[in-house]
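> First the structure, which I've put down as structure tokens, then a few questions once you've had a look.
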Amino acid sequence: MGEYVKVESVEEAQRSLREETSATVVAGGQEVTLDLRQGSIDPRVLVDISDVDALNEIAHTADGLRVGSCVTYRDLERDKDIRAEYPTLVETIEGIAGPQVRNNGTLGGALCDADPVFDAPTVLLALDASVTLSADETARTVPLSEFYTSEGETVLADEELLTSILVPTPPARSAGAYRSMTPRQGDSTVAGVAVRLVRGDDTACRRARIALTNGAPMPRRVPSAEAALAGTTLDEEHIERAANAIRDALELPDDLRSASYRETVFGRLAGRAIRDARDGLPEVKP
Amino acid sequence: MTANRRVNDTTSAEHDGAPAREQLGRSHTRTDAADKVTGEAAYTMDMYPEDVLHARLVTSTEPHARLRDVDTAAAEELDGVVAVATAADAPDTRFGEFVRDQRVFASGKVRYVGEPIAVVAAETEAIAERATELVAVEYDPLPSVTDLEAAGARDPPAVVHEHVREYETVDGGAHVEGAARERPNLLTTAIAESGDLEAAFSAADHVFEREYTINPLQHCTMEPHVAVARADGDDVTFWTSHQIPHVVKEEIADLFELPPENVVVKTPFAGGAFGGKERPVVEPRVLAVARQTDRPVRLALTRHQQYTSAPSRPELRVRIKDGVSEEGDLLARDLTADISVGGYNEEVYNIANSVPTSVLGSYDVAAVRRRANGVYTNRPPYGAFRGFGLPEVNFAAERHMDRVAAELGLDPLEYRAQNLLEAGDQNALGETLHPCENRAVLRAPIERLGEVDVEADYPDYCGEEWTVGIGHAYGNKAVPQGETEVRLDVAPSGDLTARVGAPDVGQGSNTVVAQMVAKAFDTAVERVDVVAGDTDKTERDFQGPSGSRFTPYTGNALRVAAARLREELARLAAPRFGESDPDALQVADGSVVDPRTGKEVPFADILDGERAVESELFEDGVLSVLGRYEYHEEDHIYWVPVAQAAIVACNTLTGEVNVLRIVTAADVGTAINPAAVEQQLEGGTGQAIGGALYEEIVYDDGRVRNGTFKDYAVPKSTDLPYDSETVVFESVDTEGPFGAKSVGEVALFPTAAAIADAVEDALGIECTELPMTPERVLDQHLDT
Amino acid sequence: MTDVQLTVNGNEHTVAVDAHRPLRDVLRQELGLTGTKESCDSGVCGACTVLVDGDATKSCLVPVGKVADTTVTTIEGVGGDGLSDVQQAFVDGFASQCGYCMPGLVLSAHDLLADNPEPTVEEIRAGISGNVCRCTGYVKIVDAIMDAADARER
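Those protein sequences? They're chains H, U and C, same order as listed.
The first sequence lines up with residues 1 to 286 when you count with this note's numbering.
The second sequence lines up with residues 1001 to 1784 when you count with this note's numbering.
The third sequence lines up with residues 2001 to 2154 when you count with this note's numbering.
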């Protein structure tokens, strides 16, 4: 309980964090407010970075789409260019929670929360996204697949801010899909599978990325499933192997639904997502 | 798929001052609508009187335990805490409906997780919450029993109320007798039988037996249980979000030994009730602490406490055995419903006792035995939920009709039609079914669906992943006998004030009251003011909007009162007409009129306060009368037949079920306000879909696991079909006011069975358990 | 406690509060604006919805310090002397039953139509998916929003 500081620059944010031992960073503020309400955090200072210009920029660069960490889901939904280039990402975002939450929720906030039930981090993993973490003098780029530790935390150091996310330009001849199961619209996802396939010259699948929502204590890719598809014709046999690999890799968090149901659903959603992505590839013969 | 539907006659276009001559059958704009869309409507939850203290409940964390110690010292010392109440500060006597089994605070033992142990009142909500954490409770845990079957056994793992047979009973409540006493957790057992069951089963060509399970759910009223209490010596005033303020008043007066005239209970609007606000829940607890201070105290349940410390809809297991002839005549039915009471009896005693007699309006079965058992468990208490247990039993009964039809190779609609109880028939209780449109209602939804071209109408659901199915079910709501009182005032100006004990909890009762009274006085609806939900300003109504009883009892009581006032006005006016026969005179638009001559005498002329008005009904400048109406000739005053047909899409990957289209048909007698009728049918259908597919309270040894809207799936806009259509039949019921019947609960009766039938059509699975969650559906689908 | 300056419905207020307190509580208990409702207390039901710089926002999910330099609109600030067109459509269309969800829904509807003046039924259903209604089944609410959109078009 206490102070609320709205900073206007990344430097100012970092200074506040340096000077204050009990501080929490706020972007959209929604998760933080819930945590405050539940009493799981009680910082003296809330440092609000949502007005920092640099963190609200959207740029189409040579490397791909660079999104400031405070860009809201709504901003992304409204951007026609992003929708055209990253359809799976935008469709996924449209299904997140409800309009009010998307008006205020940010990609950066979602990533830093490290909640395995969030959909956006999963799709970003499948798109090979990376994040820029800025400390005072330095900044480092971390692939999103290395951003989470196995305990469900992030590698964000105390003095670091997540300032931007880079979503690489999709390779030519690639397609993605995200399939998930939620009890109701906008609920926490029970099981989700994101797939991105890159077609090869000789093979249907040169490279695969597969990531899971709520399949582990943190958002996570499944390298064994990716390997099961890479270099294959994406026929039913290989899809089945990938689905099995996903089931084997599951470390299911607690849930009202039984583990056996979720395993079954993960397997079925995986098959569906892979086929949907495959069908989006050019000139694929399964 | 469906174009934008228009509500019948939605506008009330008579605002040019001219009186509306058609007060009934008109979709008069609801009188509360403007205040509600502007946020000006008053709810208890919005009351923060000056100087108010904020209270919070301290509740049990054990499902069954001896209460060794409750230490409030640390809580009392917290800065900002003003008062704390425990069992020592509350009456020691038990209270309850039919059986007094409950105390204000736990004493000696706790019987469910969520049972109130203490209340803290503090300057702010945050301090009150902090203080609840400082109340130190020591438990000696006891074995607990939450499984319904285990609890109902002769030697259950735990006995919830060891001395239940010695508890005082009230209002005709009774303890179990004979062999039933050997089941220590059996609170009540009720039975209704008719005909020779054994002979009928022997004569049957086929016998089919099944068990059905209905899991608990929560009302999820948008406004929680909340009350503000001010205690000034023996004078106690409550504002509370409640359905039946007069019940709160009586029970509080009785429990706290206060003169009833000193207890005032007011409900402004309530943000939803659905049966969950029929008993005193927060009121006794907040009063216990309000008595210690002269400041008003506000107690609201947290959303989690709504699941643990307010009533929820019970768990039921229903076993049905039907005997049928080869030709499809239903010859015998043996039905037993086991109902979980929870740790204390909120209303399951009443529910169990009404089940046997109330499910007898659908089909003509010669030999019938219906039993219901209420069994204590170490679960949060269960109570009434829209339909009073009957929709849940109807789910089982309708599923069973489908089962039998399927086994015999009969069309399920024709099987029902063949066995339908007809107007003029007697049911197994000897009650005669009133004329009603039950045959038309039975068939209407399927007829309205017509030929369904799935590929054309639902292209998104064609393909491997989804399968579409169609289902249907029937039901009827038997509205029980009852009684109530109202007061009606007519002023010299011609303005009327209807005083009804029942608050408007969302169903639009205030508007319908105004329409009925306006009709009775042949005047504009706008001339009627409705005062509702204030025990100080209304007569005794112990039913409120519960059990669909508002329409018949309040409605008819208003007619009785109106008739008496018209009679009195005519009598007072008669000399002005040189008339010896007041019966020849009528009232219209604030005047007494002679229809033969057209002469009018305004009320003002005969109620002129300057001269003493020679009427015993004249007081404080108005003519005022108490209207009382009761019906006890039969167990039920009328039946409301209802049917639904649903089109669903089932996802074969995940088990998710989407309701694409649903049609609801009902015979409502007379639709006093057609749009308000639609509101109830659409809204009830939506709520029932929630119970059919999504909603379930999940427990872990008596602890609620999903006590938030995050984890408990109350439906959102995209979870319910937009394509929800209502088909209203009217057949004037002579017992209903102006021929009107009740519509508040009826839509919930067939829904789950219609959807289960549709899922079975799509996937070939039986669905005998509610809700039909994706997991349950997928499990069955994969088993086939 | 700090002094937080808020602009609510065009009026400036200075309230001495804990800046971390949810906006919902400050509106209801400090400013007496109880049109914004408290219901689920977990950020799901949307009964607490207000507009922050025109965007529908759940006020139970916003620390009051966050809105210090924004424009907050509550249900009390909708319509002027009478009802807004959306409110009138809700009244005429029988969209309200118990009414507790109505303030939040009216504001979500205003935001929805500002963003998307000609929504389809599906877009309306998605657009109000952040508001729970327990009474109506949503049908008349969707119709009322459609009516309001149609009326604006004319």
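Virtual Cβ for every residue (Gly too), placed ideally from N, Cα, C.
As the structure is a prediction and not an experimental result, all values here were calculated from the model.
Is there contact between the segment 1167 to 1176 of chain U and the segment 1096 to 1107 of chain U, where contact requires at least three CB pairs shorter than 8 angstroms?
Yes, they touch.
> Closest Cβ-Cβ distance between V1058 (chain U) and chain H: below 8 angstroms?
Answer no: the Cβ-Cβ gap between V1058 (chain U) and chain H never drops below 8 angstroms.
> When DSSP labels each residue in this structure, what does Q1481 (chain U) get in the three-state scheme?
Q1481 (chain U) falls in the strand class under three-state DSSP.
> With DSSP as the reference, identify every bridge partner of K1266 (chain U), one or two as the case may be.
Bridge partners of K1266 (chain U): U:W1239, U:D1534.
> Can you list the residues of chain H that P1715 (chain U) reaches, using a CB-CB cut of under 7 angstroms?
Here the neighbours are R184.
> Find the nearest neighbour of H1225 (chain U) within the set U:L1626, U:L1299, U:V1263, judged by alpha-carbon distance.
When each option's Cα is compared against that of H1225 (chain U), the closest is U:L1299.
> Helix, strand or coil for N1673 (chain U) per DSSP?
Note: N1673 (chain U) maps to coil in three-state DSSP.
> Kindly indicate which three-state DSSP category M218 (chain H) falls into: helix, strand or coil?
It is coil, neither helix nor strand.
> I want to verify the contact list: residues of chain U whose CB lies under 7 angstroms from the CB of M290 (chain H), in sequence order.
Residue coverage of chain H in this structure runs from 1 to 286, which leaves residue 290 (chain H) outside it and unanswerable.
> Do you know offhand how far T2136 (chain C)'s Cα is from P217 (chain H)'s?
One C-alpha to the other measures close to 38 angstroms.
> Check the Cβ-Cβ distances between T1308 (chain U) and every residue of chain H, and say whether any is below 8 angstroms.
Taking Cβ atoms only, chain H never reaches closer than 8 angstroms to T1308 (chain U), which makes this a no.
> Starting from A948 (chain U) and walking both ways along the beta strand (DSSP E), at which residues does that stretch end?
What is shown of chain U runs 1001 to 1784, which leaves residue 948 (chain U) out entirely.
> Closest to A1562 (chain U) by C-alpha separation, out of U:F1603, U:M1516, U:A1574, U:P1582, would be which residue?
That would be U:M1516, whose Cα lies nearest to the Cα of A1562 (chain U).
> Which ranges would you report for the alpha helix (DSSP H) in the segment 1504 to 1588 of chain U if only whole runs of at least 4 residues count?
Listed in chain order, the complete alpha helix (DSSP H) runs (minimum 4 residues) inside the segment 1504 to 1588 of chain U are 1509 to 1520, 1555 to 1573.
> To the nearest angstrom, how far is the alpha carbon of S1358 (chain U) from that of L1390 (chain U)?
Going from the Cα of S1358 (chain U) to the Cα of L1390 (chain U) covers about 7 angstroms.
> In three-state DSSP terms, what is R1448 (chain U)?
R1448 (chain U): helix per DSSP, three-state reduction.
> In terms of alpha-carbon separation, which member of C:C2060, C:T2034, C:L2033 lies closest to V2044 (chain C)?
Minimum Cα distance to V2044 (chain C) is reached at C:C2060.
> Relative to the alpha-carbon of I96 (chain H), which residue among H:I58, H:A243, H:G231, H:S180 has its alpha-carbon at the smallest distance?
Of H:I58, H:A243, H:G231, H:S180, the residue nearest in Cα terms is H:S180.
> Look up K1249 (chain U) in the DSSP assignment and say whether it is helix, strand or coil.
Helix at K1249 (chain U).
> Can you tell me whether Q2005 (chain C) is buried or exposed, with buried defined as 16 or more other CB within 10 angstroms of its CB?
The residue is exposed, with fewer than 16 neighbouring Cβ atoms inside 10 Å.
> What separation, rounded to the nearest whole angstrom, lies between the Cα atoms of A1570 (chain U) and G1598 (chain U)?
For A1570 (chain U) and G1598 (chain U), the distance between alpha carbons rounds to 14 angstroms.
> Give me the Cα-Cα distance between S40 (chain H) and L34 (chain H), rounded to the nearest whole angstrom.
Rounded to whole angstroms, S40 (chain H) to L34 (chain H) spans 9 angstroms at the Cα level.
> Taking the alpha carbon of I1470 (chain U) as the point to measure from, which residue in U:Q1292, U:I1662, U:E1579, U:N1651 has its own alpha carbon closest?
Selected option, being the one with the closest Cα: U:I1662.
> What residue range is occupied by the uninterrupted alpha helix (DSSP H) comprising Q2005 (chain C)?
No alpha helix (DSSP H) contains Q2005 (chain C), which is instead part of the beta strand (DSSP E) from 2002 to 2008.
> Residues in the segment 23 to 40 of chain H with C-beta within 8 angstroms of chain U's C-beta atoms, listed in sequence order?
Taking 8 angstroms as the Cβ-Cβ cut-off against chain U, none of the residues of the segment 23 to 40 of chain H qualify.
> If you draw a straight line from the C-alpha of A1645 (chain U) to the C-alpha of D2092 (chain C), how long is it?
Distance between the alpha carbons of A1645 (chain U) and D2092 (chain C) is about 29 angstroms.
> Tell me which residues share the same chain as D1009 (chain U) and place their Cβ nearer than 8 angstroms to its Cβ, disregarding the 5 neighbours each side in the sequence.
Reliability fails at D1009 (chain U), whose pLDDT of 32 lies under 50, so the model's placement of it is uncertain and no value is given.
> DSSP on L229 (chain H), reduced to helix/strand/coil?
L229 (chain H): helix per DSSP, three-state reduction.
> Which residue comes first and which comes last in the alpha helix (DSSP H) that contains R1130 (chain U)?
1125 to 1134 is the span of the alpha helix (DSSP H), which, as asked, contains R1130 (chain U).
> May I ask you to verify whether the segment 158 to 174 of chain H touches the segment 244 to 261 of chain H, counting CB pairs closer than 8 angstroms and requiring at least 3?
With a cut-off of 8 angstroms, the segment 244 to 261 of chain H and the segment 158 to 174 of chain H do not count as touching, because too few Cβ pairs lie within range.
> Looking at the secondary structure, which residues open and close the alpha helix (DSSP H) in which C112 (chain H) lies?
Element bounds for C112 (chain H): 107 to 113.
> Quick one: residues in its chain with C-beta nearer than 6 angstroms to the C-beta of K1249 (chain U), no 5 flanking neighbours on either side, listed in chain order?
Here the set comprises V1263, V1265, T1535.
> State buried or exposed for E19 (chain H), treating a residue as buried only when at least 16 other CB atoms are found within 10 Å of its CB.
Exposed is the call here.
> Determine, using beta carbons only, whether V195 (chain H) and A126 (chain H) come nearer to each other than 8 angstroms.
Yes. Within cutoff.
> Please list the partners that V1648 (chain U) has in chain D, where partner means a Cβ-to-Cβ separation under 8 angstroms.
In the structure shown, chain D cannot be found, because the protein chains are H, U and C.
> Need the endpoints of the beta strand (DSSP E) that S1194 (chain U) sits in, please.
Per DSSP, S1194 (chain U) belongs to the beta strand (DSSP E) from 1186 to 1194.
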